[in-house]
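In what follows, a structure is listed as structure tokens, so that the remarks can point back to it.
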Amino acid sequence: MGDALVPILAIVGVYLFSGLRVLREYERAVYFFLGRSWGSKGPGLIYLPPLFARMQKVSLRVVALDIPPQDVITRDNISIKVNAVLYMRVIDPVKAVIGVENYLYATSQLAQTTLRSVLGETEMDELLMNREKINAILKNIIDSRTESWGIEVSAVEGEDVDPPPGMKRAMARQGGAGRRRRAQGVDAGGEVHASEKRALAARII
Amino acid sequence: MGDALVPILAIVGVYLFSGLRVLREYERAVYFFLGRSWGSKGPGLIYLPPLFARMQKVSLRVVALDIPPQDVITRDNISIKVNAVLYMRVIDPVKAVIGVENYLYATSQLAQTTLRSVLGETEMDELLMNREKINAILKNIIDSRTESWGIEVSAVEGEDVDPPPGMKRAMARQGGAGRRRRAQGVDAGGEVHASEKRALAARII
Amino acid sequence: MGDALVPILAIVGVYLFSGLRVLREYERAVYFFLGRSWGSKGPGLIYLPPLFARMQKVSLRVVALDIPPQDVITRDNISIKVNAVLYMRVIDPVKAVIGVENYLYATSQLAQTTLRSVLGETEMDELLMNREKINAILKNIIDSRTESWGIEVSAVEGEDVDPPPGMKRAMARQGGAGRRRRAQGVDAGGEVHASEKRALAARII
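Those protein sequences? They're chains P, A and E, same order as listed. Using our numbering, read the first sequence as starting at 43 and increasing by one per residue. Using our numbering, read the second sequence as starting at 43 and increasing by one per residue. Using our numbering, read the third sequence as starting at 43 and increasing by one per residue.
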């Protein structure tokens, strides 16, 4: 009797031991007991009874997602290349696993399409001047859409705008015009000032 | 008698046990009992009597379906390359399995053809300006067609429009013209301003 | 006597059992008893006496059939490449098996030839503008021809038209001309504006 007990105890021991899993501070396990979601577990040591439970690890760390260069045509018909960086993190691991097939891919695709559609309705000048505002608009649209996937978009940043060469020259000219105008204004203002002084001088004389 | 019972019990036990299947929270099984559809089962633990029943797993998660670049000729005869992303999910697993051969392929094909036919009836400028509206039209057409396959299309987004090089130059010129115009306006405005000041100066003297 | 009965019963049992077939909800069996068609059976469990009966499985699900690119010369002599997608399903399994060698291949070939002949009688512009109408014509012609094969064509969609490079350039030029015209208008408008301001400046001085 006693001899038979030893291998049984060993098997039970191995069974119990093999269900232990370690999750890092920033990891959560979406826990499926016989397929049913029992919410998220962790961090630390969790127990996963073999054969009965499965889990899928999700990281809660912020991810910087590079949005590859997109060809965008702005509202004023300028064709530019734009890229951006999106900062996201999972806030609800259960939704991120159950709600969507591949949350990183889906978020990346969503960011690309939102980038194109928002910038396509923006004028070139606005895009260059009000980056902060456009970043905020992008962030809000993407965040509201990824909410149901348990993902928080903390920021969308820094569209790197690459206008075509011809456009660059025109922009330089426009910039120069503003300067020439101010220069002329200053010149003329100087003349007014000077003639006032001369008139004063003439009166004095 | 007692000796014969043991292997029989073992066989029955193995038979019963081998019919157990686990479906995750987001999975459903389309259940065929002797070929007849008995609806969808799951999630969790389901029993599938071996030899009698078969099942086909379907995921209910949102899928981001990339529609590959399509050559489209717009209503105003401009040849462009367009791609898009479609977000879909299965809402009726039975229809998705019984109604159509391969629901992902069929939906992808439908999206491609709808993209071409809708954009083919749109003018280039409209396409660039009213993205939201065109996305909504695409979504509604595709969704109404996939309904009988048990598939819901939640969104079609962000056509990435890639016009031909010649068209890009023309558009850049149009965009540049707006800038040159403003530059000329600023230059001339500066001159007016300057001459007003000079006239004032002349009067003072 | 009793000993001889056991193997005979076993053989009869195996014979009866081996004739069982399972057809899924969307499948039908075209049933041939000694070569004679006895109509379609299923879905569910059917019995097929071995040696005497044969069957051929047919799926009733919708199939998205990709029609490969066809070289078409339109009525106005433009050589284009066109492809399309056809949605079909079997509605009469017996006809689909008895009436035609390989119903998928036959339907695909029919779709290709119909595509070429219908588009060959259409002008390029009509083809680009009235897609809906041409889709409907194609669908009706193909459907009326496949009816005798027990096949229903639910839709023909979205010809992807790929005109030759020269044609593309011409079309791009046509489209670009509109844009250049507008660009010139803006340029000229800017000059008028600038000269008005300069005239004003001259008058002030």
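Even for Gly, the Cβ is constructed at its ideal location relative to N, Cα and C. A quick note: this is a predicted structure, and the numbers were derived from the prediction, not measured.
Are there any heavy atoms of the ligand HEM lying less than 7 Å away from the beta-carbon of Lys-123(E), as far as the coordinates show? The model on display carries no ligand, and the ligand HEM is accordingly not part of it.
Would you please verify whether the beta carbon of Leu-87(E) is less than 8 Å from any beta carbon of chain A? Proximity of Leu-87(E) to chain A, defined by a Cβ-Cβ separation below 8 Å, is satisfied.
Establish whether the CB of Glu-199(E) and some CB of chain D are separated by less than 8 Å. Structure shown: chain D not included; protein chains present are P, A and E.
What residues in the segment 96-129 of chain A have a beta carbon less than 8 Å from any beta carbon of chain P? Answer in chain order: Ser-101, Arg-103, Val-104, Val-105, Ala-106, Asp-108, Ala-126, Val-127, Tyr-129.
Any chance the segment 132-147 of chain E sits against the segment 158-169 of chain E, with 3 or more Cβ pairs inside 8 Å? The segment 132-147 of chain E makes no contact with the segment 158-169 of chain E; the number of CB pairs closer than 8 Å stays below 3.
For the beta strand (DSSP E) that contains Lys-115(P), what are its first and last residues? It is Ile, not Lys, that sits at residue 115(P) in the sequence shown. Residues 105-115.
Less than 8 Å separating the beta-carbons of Phe-74(A) and Ala-95(A)? For Phe-74(A) and Ala-95(A), yes; Cβs fall inside 8 Å.
Does the beta carbon of Pro-239(A) come closer than 8 Å to any beta carbon on chain P? Note that residue 239(A) corresponds to Lys in the displayed sequence, not to Pro. When Cβ-Cβ separations below 8 Å define contact, Lys-239(A) makes contact with chain P.
The beta strand (DSSP E) that contains Val-127(A), what's its start and end? Element bounds for Val-127(A): 121-132.
Just to make sure I have the definition right: I need the residues of chain A whose C-beta is within less than 8 Å of the C-beta of Leu-157(E). Which are they? In chain order: nothing, as chain A lies at least about 13 Å away.
Closest to Ser-92(P) by C-alpha separation, out of Ile-122(P), Lys-175(P), Asp-185(P), Ile-53(P), would be which residue? Looking at the sequence itself, residue 92(P) is Pro, so the reference to Ser does not match. Just measuring C-alpha positions, the residue of Ile-122(P), Lys-175(P), Asp-185(P), Ile-53(P) sitting nearest Pro-92(P) is Ile-53(P).
Of all the options Ser-82(A), Pro-110(A), Asp-113(A), Arg-117(A), which has the alpha carbon lying nearest to the alpha carbon of Val-100(A)? The shortest Cα separation from Val-100(A) among Ser-82(A), Pro-110(A), Asp-113(A), Arg-117(A) belongs to Ser-82(A).
Chain A within 8 Å of Val-160(E), Cβ atoms only: Contacts with chain A at 8 Å (Cβ-Cβ) do not include Val-160(E).
Is the shortest distance between the beta-carbon of Glu-174(A) and the beta-carbons of chain P less than 8 Å? Taking 8 Å as the CB threshold, Glu-174(A) lines the interface with chain P.
When you compare only the Cα positions, how much space is there between Gly-84(P) and Tyr-145(E)? Cα to Cα, the separation comes out at about 56 Å.
Short Cβ contact (8 Å threshold) for Ile-193(E) with Met-130(E): In this structure, the beta-carbon distance from Ile-193(E) to Met-130(E) falls below 8 Å.
Exposed or buried, Ala-151(E), counting other C-beta atoms within 10 Å across all chains shown (16 or more means buried)? Here the sequence assigns Gln to residue 151(E), which means Ala is not the residue at that position. Counting Cβ neighbours within 10 Å, Gln-151(E) comes out exposed, since fewer than 16 surround it.
Delimiting residues of the beta strand (DSSP E) encompassing Ser-82(P): Where Ser-82(P) is concerned, the enclosing beta strand (DSSP E) starts and stops at 78-83.
Below 8 Å on the Cβ atoms is my guess for Asp-108(E) versus Val-127(E); work out the distance and round it to an integer in Å. Their Cβ separation, rounded to whole angstroms, is 6 Å, which keeps Asp-108(E) and Val-127(E) in contact under 8 Å.
Start and end of the alpha helix (DSSP H) containing Ile-183(A)? Unbroken alpha helix (DSSP H) run through Ile-183(A): 173-188.
Under a CB-based cut-off of 8 Å, is Val-203(A) close to chain P? So yes, Val-203(A) belongs to the interface.
If you pair each beta-carbon of the segment 109-125 of chain P with each one of the segment 173-192 of chain A, do three or more pairs fall below 8 Å? They do not touch, by the three-pair rule.
Short of 7 Å in beta carbon distance, which residues of its chain neighbour Ile-88(A), apart from the five on each side in sequence? Order them along the chain. Taken in chain order, the residues that qualify are Arg-63, Leu-65, Ala-71.
Beta-carbon neighbours of Val-142(A), restricted to chain E and to distances below 7 Å: Contact annotation for Val-142(A) against chain E: Arg-103, Val-104 [CB-CB distance below 7 Å, chain order].
Would a C-beta distance cut-off of 8 Å place Tyr-68(E) and Leu-102(E) closer than the cut-off? One thing to note: Tyr-68(E) has its Cβ within 8 Å of the Cβ of Leu-102(E).
Name, in chain order, the residues that DSSP records as bridge partners for Val-203(A). Per DSSP, Val-124(A).
Tell me, which residues are paired with Ala-95(E) by DSSP? Beta-bridge pairing links Ala-95(E) to Phe-75(E).
Please decide whether Arg-187(A) counts as near chain P, where near means a Cβ-Cβ distance under 8 Å. No, Arg-187(A) lies away from the interface with chain P (no Cβ there is under 8 Å from its Cβ).
Please state whether the Cβ-Cβ distance between Val-195(E) and Ile-179(E) is less than 8 Å. Not a contact, by the Cβ cut-off of 8 Å.
What's the call for Leu-51(A), buried or exposed, on a 16-neighbour Cβ count within 10 Å? It counts as exposed.
The beta strand (DSSP E) that contains Val-160(P), what's its start and end? Val-160(P) -> not in any beta strand (DSSP E); alpha helix (DSSP H) instead, spanning 145-161.
So if DSSP puts Ser-196(P) in a beta bridge, which residue, or which two residues, is it bridged to? Beta-bridge analysis with DSSP links Ser-196(P) to no other residue.
Within 10 angstroms of the Cβ of Thr-155(E), are there 16 or more other Cβ atoms? Answer buried if so, exposed if not. Exposed, by the Cβ-count rule.
Name the chain P residues whose beta carbon is nearer than 7 Å to that of Arg-66(A)? Going along chain P in sequence order, the residues near Arg-66(A) (Cβ under 7 Å) are Phe-74, Gly-77.
Starting from Val-64(P) and walking both ways along the beta strand (DSSP E), at which residues does that stretch end? For Val-64(P), the enclosing beta strand (DSSP E) has its first and last residue at 62-65.
Ile-53(A) by DSSP, collapsed to three states: which one? If DSSP states are grouped into helix, strand and coil, Ile-53(A) belongs with the helices.
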